[in-house]
Amino acid sequence: GFPVRVISDNGVQFLSNVFTQLCDLLGIHHQRTPLYHPQSNLSERINRTLKPILASLAHNDSKGWDLKLSQIAFALRTAPSESTDNSPAFLMFGLHPRQPLDLLLPSPPVHDDLPSFNELSAYRKRLLVDLMPAYRTARELLDISHQTQSRHYNVHRR
1 GFPVRVISDN GVQFLSNVFT QLCDLLGIHH QRTPLYHPQS NLSERINRTL
51 KPILASLAHN DSKGWDLKLS QIAFALRTAP SESTDNSPAF LMFGLHPRQP
101 LDLLLPSPPV HDDLPSFNEL SAYRKRLLVD LMPAYRTARE LLDISHQTQS
151 RHYNVHRR
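In UniProt numbering, the protein residues as written are 1 to 158.
Here it is in structure tokens:
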């Protein structure tokens, strides 16, 4: 579905009337990062994480690094976050995606039958019961992380 909020830098494509009208039409709150402060932009944070990984790959294979991007993205999405204690994949989908190691381990049998409405309803309820505490914990840990980062930033700014 559509996001509730989009955070972007101040690039002209994000300040255009077309983008603004699209956000208004879809009910998306557009939030821009402060000028000249890329640290608050998540994509800049991801780039900071990606650079050493890509540098390492380019050192070993300077031509095939782009073919590894999907594997890198999978690794980042399935790795637990220090701030939330959960992986982005778990917080998004409510389960841990299968990984290559899972192919070596025995897995539960696959049923070809489609689940009934009652089974889907029960699964949805279990998912909500499992995810709500994870969301609460993630929010609390993110707040603590934000406060810690703010204190660290302010120590060096005053």
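From the three backbone atoms N, C-alpha and C, an ideal C-beta is built for every residue, glycine too.
| query | Where do the N-terminal and C-terminal ends of the alpha helix (DSSP H) with H146 fall, by residue? | reply | Reading the sequence shown from its first residue, position 146 is the one you call residue 146. First-last of the alpha helix (DSSP H) with H146: 117-155.
| Any idea if A138 is buried or exposed, counting beta-carbon neighbours within 10 angstroms, 16 or more meaning buried? | On the sequence shown, position 138 is the one that residue 138 refers to. Under this definition A138 is a buried residue.
| said: How far does the beta strand (DSSP E) with residue 163 in it extend, from its first residue to its last? | reply: With the chain covering 1 to 158 only, the question about residue 163 has no answer from this structure.
| query | beta strand (DSSP E) containing R98: first to last residue? | reply | On the sequence shown, position 98 is the one that residue 98 refers to. Looking at the DSSP string, R98 is not in any beta strand (DSSP E), and its letter there is neither H nor E.
| query | Using the C-alpha atoms, what's the distance from F19 back to L26? | reply | Translated into the one-based positions of the sequence shown, residue 26 becomes position 26. Translated into the one-based positions of the sequence shown, residue 19 becomes position 19. The alpha-carbon separation between L26 and F19 amounts to approximately 11 Å.
| Three-pair Cβ contact test at 8 Å for the stretch 31-38 versus the stretch 57-71 | Contact between the stretch 31-38 and the stretch 57-71 is absent, because fewer than three Cβ pairs lie under 8 Å.
| message | Would you call the stretch 97-106 in contact with the stretch 144-155, where contact means no fewer than 3 C-beta pairs closer than 8 Å? | response | Three or more beta-carbon pairs separated by less than 8 Å are not found between the stretch 97-106 and the stretch 144-155, which leaves the two stretches without contact.
| said: Please tell me whether V6 and I28 are closer than 8 Å, where the distance is taken between their beta carbons. | reply: Translated into positions along the sequence shown, residue 6 becomes position 6. Translated into positions along the sequence shown, residue 28 becomes position 28. Yes. Within cutoff.
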